[in-house]
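Engineer:
Number of protein chains: 2
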Amino acid sequence: MILDKVNMPDDLKKLTTNELNTLADEIRSLIIKKVNTTGGHLGPNLGIVETTIAIHYVFDCPKDKVVFDVSHQCYPHKILTGRKEGFTNPEKYNVFTGYTAPEESACDLFKVGHTSTSASLATGVAKARDLTGGKENVIALIGDGSLSGGEAYEGLNNAAVLNSNIIIVVNDNDMSIAENAGGLYQNLKLLRDTKGKAELNFFKSLGFEYYYEDNGNDVQSMIEAFKKVKDTNKPTVLHVKTLKGCGLKAAETDKETHHYILAGTLDNTGGGSAAASVESYNSITTDFILDKASKDGSVVAITPATPGAYGFTKDFRKKLGHQYTDVGIAEEHAIAYASALAKSGARPILSVLSSFIQRTYDQLSQDLCLNTSPITLLIHWGAISGADSTHLGSFDIPLISNIPNMVYLAPTNKEEYIAMLEWSMGQNEHPVGIRVPFGAVKSQGVSDFTDYSKINRYKLTQTGEKIAIIGAGNFYHLGMRTAEEIERKLGFKPTVINPLFLTGVDCDMLNSLKNSHNVVITLEDGCLAGGFGEKISRFYGNSDMKVLNFGGKKEFTDRVPVQELYQRYHLTPELIIEDVLKLIPANV
Amino acid sequence: MILDKVNMPDDLKKLTTNELNTLADEIRSLIIKKVNTTGGHLGPNLGIVETTIAIHYVFDCPKDKVVFDVSHQCYPHKILTGRKEGFTNPEKYNVFTGYTAPEESACDLFKVGHTSTSASLATGVAKARDLTGGKENVIALIGDGSLSGGEAYEGLNNAAVLNSNIIIVVNDNDMSIAENAGGLYQNLKLLRDTKGKAELNFFKSLGFEYYYEDNGNDVQSMIEAFKKVKDTNKPTVLHVKTLKGCGLKAAETDKETHHYILAGTLDNTGGGSAAASVESYNSITTDFILDKASKDGSVVAITPATPGAYGFTKDFRKKLGHQYTDVGIAEEHAIAYASALAKSGARPILSVLSSFIQRTYDQLSQDLCLNTSPITLLIHWGAISGADSTHLGSFDIPLISNIPNMVYLAPTNKEEYIAMLEWSMGQNEHPVGIRVPFGAVKSQGVSDFTDYSKINRYKLTQTGEKIAIIGAGNFYHLGMRTAEEIERKLGFKPTVINPLFLTGVDCDMLNSLKNSHNVVITLEDGCLAGGFGEKISRFYGNSDMKVLNFGGKKEFTDRVPVQELYQRYHLTPELIIEDVLKLIPANV
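Going down the list, the sequences are from chains A and B. Using this note's numbering, you'd call the opening residue of the first sequence number 304 and step up by one each time. Using this note's numbering, you'd call the opening residue of the second sequence number 304 and step up by one each time.
Here is the structure:
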């Protein structure tokens, strides 16, 4: 293997063109094998192999600085910067993160997992260089899909006036995770079609020097392209045409499916397609939307660029037709757009991942809640999880639930979820968020007839004594298990409450608990700081009630197995009961 | 007065060209007089008079829909849509808000006070029209300054592919609040210089039909321009050159000073310039930055477009030279840029208003805190206030303090503020926010030698018994006044604590209070939900300590006098003591 000779970028510089080409093939094979074993980002990494080799051939990392946007496409970079074992040795497949990580290598500048950030970050790196007298190149590598995000534009607009060296490499594979959305993509197509020669040029309009390279999957062409821009003293865009999934037929043909794959997908042993036949909260959601949309022409489903995460398949999107909008990686626009749709008599329903709703605080506050627009906002993957530190689902409750006028609901099973969807889509008073349950579908067996227009009215599901357990959303079931365990171990039946609402306190119910309870336990599947339980603690602050809040700590965890986090945060019936007994050992 | 004949937009359509011109003069005079009496946005409104008259002459509001970006420039619109009394009758000067307000008129679609939102909102309005079979025109009116915000770009990128009627009117007066920042502005200049004929065109690159009008302050030219784009079936940009401050010499000449003026400014009775000689937290900040920057070439002061709010005068900016960056209305970029500067060895210090830091949650979380970049972030105007509902400073504590790794400090006087600035700018471990005290400068008389590297260590400032008052930031002084009042009325000395840190709990100190205290009172100058006090309540949940949290309610208030809010939220010593006595009437 040529790769045997390559540990760090400097090793590349000794290779011949033929060896570099062979190296590209080797890297591609390693990525396919590794990703098909562990799951991961496939298409973006296959497309960027040659560009990455050329970067490290032409530039001198870590002296020269490369900032990877979202870093979906950093696997070849990792292989070439001291971390190839993570790809050659199956036992080390999980040693390195799927994103750039400064703790792994001096060639990685930032932890990045949210998109559209590279131009901004690189502008800061370049400005620091200018202030401290450095001379190195600063390179941002951004995909065409990431250009739809507002932060990317803000970064480009500022990079363009830096008046010194900064090189924005636009890796244009004509795809976001799904198809690209937005007017910019017509211009990128025009530029590709004219090999960069069209006068109408988004990048030039912002003031960049502009270069185009049509052979982004040819090492030698890319080396020459980078040589042209190296050591430039002007903000420069190098627009490179690449093929997403390059070198793997299936990934080249069906780019969306192969953007990120589960383990075993390429051998048809992956869980992806089989799961479709099993009922999931995704299938419940898509069934609901199709039904609503067919009955009401003003219903619009909206996603910011990750339709696959919600089960919004190509078939589903096709069925919805003009009643579906993918706004691109533009969560801010998604919220403002939905707010305006709702205010203008349409029925928007918007799906966003917990981790990405973070991109919209101001839009939730100003565009949406200040205008009390009745949208339905579905927050997916909101849960304490073993995810990468860049994709945690622990912060949506603190983020959303402290914004005035918002109603944030936490269903605990499918019947509640459907009833909440129905209520939300039929009302005109409130911006409504629903935290879609995480995990396997649970059922209460009968339909839910709760009147959700009675805001902040909690549901008492088990009347008991001494201890009351308020289990929110996903953790209602943990609450029930804890209640059973208390009854078994301590010999009395505690009260159990399903709060339904995360945005407020049911004063009547909480006051009524004071008569026959000494302890209230709150459970939430997310970060405690700023979250649901603290509101209950505040409520009881002036009373004799003891309150114990259970949930996640305020911290960024990184691929920590969820069971380990449950132990750390005392999120099992046994550990909860231990804490309660510590509090009042003799007799609650 | 011609205006006597005009109450609603339809009345305009009966006027001759001469009458319309006279009307423009009348409106201009009314705005100057009113704004000079009450304070308000002057320059933007003077520049947009003729455009607004022409919009209402050509289109049919409220059937046709106009979305005002940030709505700094909606005064002429208000005058022409049933609200002229708010400008003709001094007694009604304060009846209407300074922004669009749907509750005032069917011609106002949204409450808007944060910028860069109109293209997104208008896209939603237009899509709803298309879904429900409407035919009306949808118009977004956006200033050139607002185009630097990411949400504006996301909106434009999506508006461009709407495939039906949407008209983006770009009101280009070649100014943001201060000078424009970013590469886009070179393109706008090129377009103005070529009267819209240059091939290189930002708007066309996004896919818009494009029209240019050079005479934005001529009613007849604007009428003709709007007639050309009315009823278009394609996403269209009408780029209009206007003069900010048009018709008032002082405002035309010094555009920045006259963007927003205080009452009396035009008669030289305004507070603006006189204030400069008095020490303020702004002057302390600018003195500190100038000193640091002169000693360390890597210090960079950053603002997102509102330098005046922080006392960053032209002279100050000139002194800093390349050590100052105004990034435009691009708060997201500002945070990422600062994070990268800090990671690359520079010393960024970034000033943002409390209300606008809302635009950066994800950047604070991902670009900044996940990377633990040691920036200094100054949050100004963080306080419960009588502001407009779009500019409240009540939400920065819930927003910032629940993000992992962040250190958010709340100085209570100038010595603490300076010590915190010094510490933050000299350390390499933490992203640090400082909530700049609001109001007149307070002094403790001696320098502050606190070691702020001891994170979450609170300061005990008065040792007492029974009641402990934790007064954060601005409200530390309310805490002291309350303590004095308790001593006077109840005959014992309560403990007083200055927490200094908003992002964590001093467990040792809070535990030590348990011995000789029954009640802890927390005071914070902001929204309670998700804020500081709730963390104290959670801490004491398993103990006998009673906790009372005082602060703002989770609500959008709109120009409610601050004293009225203090009454509403029980933020006076008398009302606090009342609540304490209700809790334990006999004997604390």
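C-beta atoms are modelled at their ideal positions from N, C-alpha and C, and glycine is treated no differently. Only a predicted model underlies this, so the values are computations on that prediction, with no experimental measurement involved.
Identify every residue that forms a DSSP beta bridge with Asp475(B).
Structural biologist: The residue labelled residue 475(B) in the question sits at position 172 within the second sequence. Beta-bridge pairing links Asp475(B) to Lys544(B).
Engineer: Using only the heavy atoms of the ligand NAD, determine whether one of them is closer than 6 Å to the beta carbon of Gly685(A).
Structural biologist: The ligand content of the structure shown is nil, which means the ligand NAD is not present either.
Engineer: Rounded to whole angstroms, what's the CA-CA distance from Ile638(B) to Leu667(B)? Just pull it up for me.
Structural biologist: Here residue 638(B) corresponds to residue number 335 of the second sequence, with the count starting at 1. Here residue 667(B) corresponds to residue number 364 of the second sequence, with the count starting at 1. When rounded, the distance between both Cα atoms is 7 Å.
Engineer: Taking C-beta pairs closer than 9 Å, name the residues in chain B that Asp670(A) reaches, listed in chain order.
Structural biologist: Numbered from its first residue, the first sequence carries residue 670(A) at position 367. Those within 9 Å of Asp670(A) in chain B are Phe413, Val415, His417, Thr420, Ser423, Leu424, Glu454.
Engineer: Any Cβ of chain A within less than 7 Å of the Cβ of Ala481(B)?
Structural biologist: On the second sequence, position 178 is the one that residue 481(B) refers to. The Cβ of Ala481(B) sits no closer than 7 Å to any Cβ of chain A.
Engineer: Please state whether the Cβ-Cβ distance between Thr418(B) and Ser374(B) is less than 7 Å.
Structural biologist: Mapped onto the second sequence, residue 418(B) falls at position 115. Mapped onto the second sequence, residue 374(B) falls at position 71. Going by C-beta atoms, Thr418(B) is not nearer than 7 Å to Ser374(B).
Engineer: Taking the alpha helix (DSSP H) that Pro379(A) falls in, what are its first and last residues?
Structural biologist: Residue 379(A) sits at position 76 when you count from the first residue of the first sequence. 378-383 is the span of the alpha helix (DSSP H), which, as asked, contains Pro379(A).
Engineer: Within the continuous alpha helix (DSSP H) that includes Ser654(B), where are the two ends?
Structural biologist: Residue numbering aside, residue 654(B) sits at position 351 when the second sequence is read from its first letter. Counting along the chain, Ser654(B) falls outside any alpha helix (DSSP H), though it belongs to the beta strand (DSSP E) covering 650-656.
Engineer: Would you say Tyr402(A) faces chain E, with C-beta separation under 7 Å as the test?
Structural biologist: Looking at the structure shown, chain E is missing, and the protein chains on hand are A and B.
Engineer: Start and end of the alpha helix (DSSP H) containing Ile703(B)?
Structural biologist: As a first step, residue 703(B) is located in the second sequence; it is residue number 400 there, counting from the start. Run containing Ile703(B): 699-704, per the alpha helix (DSSP H) assignment.
Engineer: For chain A, check one thing: does any of its Cβ atoms lie closer than 7 Å to the Cβ of Gly893(B)?
Structural biologist: An answer regarding residue 893(B) cannot be provided, because it is not within the stretch 304 to 891 covered by chain B.
Engineer: Would you be able to state if there are at least three C-beta pairs under 8 Å between the segment 715-731 of chain A and the segment 857-869 of chain A?
Structural biologist: Judged by Cβ distances under 8 Å, the segment 857-869 of chain A makes no contact with the segment 715-731 of chain A, as fewer than three pairs qualify.
Engineer: Could you please tell me which residues of the segment 827-840 of chain B, in chain order, have their CB closer than 9 Å to any CB of chain A?
Structural biologist: Cys830, Leu831, Ala832, Gly833, Gly834, Gly836, Glu837, Lys838, Ile839, Ser840
Engineer: Chain B beta carbons: is any one of them nearer than 7 Å to that of His636(A)?
Structural biologist: Here residue 636(A) refers to the residue found at position 333 of the first sequence. Taking Cβ atoms only, chain B reaches closer than 7 Å to His636(A), which makes this a yes.
Engineer: Grab the span of the beta strand (DSSP E) containing Gln765(B) for me, first residue to last.
Structural biologist: Against the second sequence, residue 765(B) aligns to sequence position 462. First-last of the beta strand (DSSP E) with Gln765(B): 762-765.
Engineer: Spell out whether any CB of chain A is found under 7 Å from the CB atom of Asn536(B).
Structural biologist: Residue mapping note: residue 536(B) aligns to position 233 of the second sequence, counting from 1. No - not a single Cβ of chain A is within 7 Å of the one on Asn536(B).
Engineer: Measuring straight from C-alpha to C-alpha, what distance separates His694(B) and Ile687(B)?
Structural biologist: Residue numbering aside, residue 694(B) sits at position 391 when the second sequence is read from its first letter. Residue numbering aside, residue 687(B) sits at position 384 when the second sequence is read from its first letter. When rounded, the distance between both Cα atoms is 11 Å.
Engineer: Indicate whether at least one CB of chain A lies closer than 7 Å to the CB of Ser601(B).
Structural biologist: The residue given as residue 601(B) occupies position 298 in the second sequence. Interface residue, yes.
Engineer: What residue range does the beta strand (DSSP E) around His562(B) cover?
Structural biologist: Stepping through the second sequence from its first residue, residue 562(B) is reached at position 259. Bounds of any beta strand (DSSP E) do not take in His562(B), whose DSSP letter is neither H nor E.
Engineer: Kindly list the residues whose CB is nearer than 8 Å to the CB of Glu877(A), restricted to its own chain and excluding five residues on each side of it in sequence; keep chain order.
Structural biologist: For the purposes of this step, residue 877(A) is identified with residue 574 of the first sequence, where counting begins at 1. Closer than 8 Å at the Cβ level, and outside the excluded window around Glu877(A), lie Glu788.
Engineer: Select from the segment 505-527 of chain A all residues with a C-beta closer than 9 Å to any C-beta belonging to chain B, and list them in chain order.
Structural biologist: Phe505, Phe506, Lys507, Ser508, Leu509, Gly510, Phe511
Engineer: So is Pro707(B) in contact with chain A if we call contact Cβ pairs under 7 Å?
Structural biologist: Taking the second sequence and counting its residues from 1, the one referred to as residue 707(B) is at position 404. Taking Cβ atoms only, chain A reaches closer than 7 Å to Pro707(B), which makes this a yes.
Engineer: In chain A, what lies closer than 9 Å to Thr355(B) by C-beta?
Structural biologist: Taking the second sequence and counting its residues from 1, the one referred to as residue 355(B) is at position 52. The contacting residues do not exist; Thr355(B) stays about 21 Å from chain A at best.
Engineer: Give the DSSP-derived three-state secondary structure of Pro876(A) in the structure shown.
Structural biologist: Position 573 of the first sequence, counted from the start, is the residue given in the question as residue 876(A). If DSSP states are grouped into helix, strand and coil, Pro876(A) belongs with the helices.
Engineer: Could you tell me the alpha carbon to alpha carbon distance between Gly748(A) and Ile471(A), rounded to whole angstroms?
Structural biologist: In the first sequence, the residue the question calls residue 748(A) occupies position 445. In the first sequence, the residue the question calls residue 471(A) occupies position 168. Going from the Cα of Gly748(A) to the Cα of Ile471(A) covers about 55 Å.
Engineer: Go through the segment 565-652 of chain B residue by residue and report every complete run of the alpha helix (DSSP H) that reaches 4 residues or more, in order.
Structural biologist: 584-598, 617-623, 634-646
Engineer: First and last residue of the alpha helix (DSSP H) that includes Asp314(B)?
Structural biologist: As a first step, residue 314(B) must be located in the second sequence, where it is residue number 11. 312-315 is the span of the alpha helix (DSSP H), which, as asked, contains Asp314(B).
Engineer: For the segment 772-803 of chain A, which residues have a beta carbon sitting closer than 8 Å to at least one beta carbon of chain B?
Structural biologist: If the cut-off is 8 Å between Cβ atoms, the segment 772-803 of chain A has nothing near chain B.
Engineer: What does the alpha-carbon distance come out to for the pair Lys498(B) and Asn518(B)?
Structural biologist: The count along the second sequence starts at 1 and reaches residue 498(B) at position 195. The count along the second sequence starts at 1 and reaches residue 518(B) at position 215. Going by the C-alpha atoms only, they are around 10 Å apart.
Engineer: Taking the C-alpha atoms as reference points, what is the distance between Thr764(A) and Cys672(A)?
Structural biologist: Residue numbering aside, residue 764(A) sits at position 461 when the first sequence is read from its first letter. Residue numbering aside, residue 672(A) sits at position 369 when the first sequence is read from its first letter. One alpha carbon belongs to Thr764(A), the other to Cys672(A), and they sit about 31 Å apart.
Engineer: Taking DSSP as the reference, what is the three-state secondary structure of Ile445(A)?
Structural biologist: The residue you call residue 445(A) lines up with position 142 of the first sequence. Residue state, collapsed to three classes: strand.
Engineer: Per DSSP, what kind of secondary structure is Val850(B) in: helix, strand or coil?
Structural biologist: Numbered from 1 along the second sequence, position 547 holds the residue referred to as residue 850(B). Three-state result, Val850(B): strand.
Engineer: Note down, in chain order, each residue of its chain lying with its Cβ closer than 7 Å to the Cβ of Leu546(A), except the 5 sequence neighbours on either side.
Structural biologist: Residue numbering aside, residue 546(A) sits at position 243 when the first sequence is read from its first letter. Contacts found: Gly350, Asn476, Asn520, Glu555.
Engineer: In terms of residue numbering, what span does the beta strand (DSSP E) encompassing Ala463(A) cover?
Structural biologist: For the purposes of this step, residue 463(A) is taken as residue 160 along the first sequence, with counting starting at 1. From DSSP, Ala463(A) is part of no beta strand (DSSP E); its letter is neither H nor E.
Engineer: Considering only DSSP beta bridges, list what Lys769(B) is partnered with.
Structural biologist: Locating residue 769(B) in the second sequence gives position 466, where the first residue counts as 1. As a beta-bridge residue in DSSP terms, Lys769(B) pairs with His820(B).
Engineer: Could you check whether Gly767(A) and Gly774(A) sit closer than 7 Å to each other, using their CB atoms as the reference points?
Structural biologist: Counting from 1 along the first sequence, the entry for residue 774(A) is found at position 471. Counting from 1 along the first sequence, the entry for residue 767(A) is found at position 464. Against a cut-off of 7 Å, the Cβ pair of Gly767(A) and Gly774(A) comes out as no contact.
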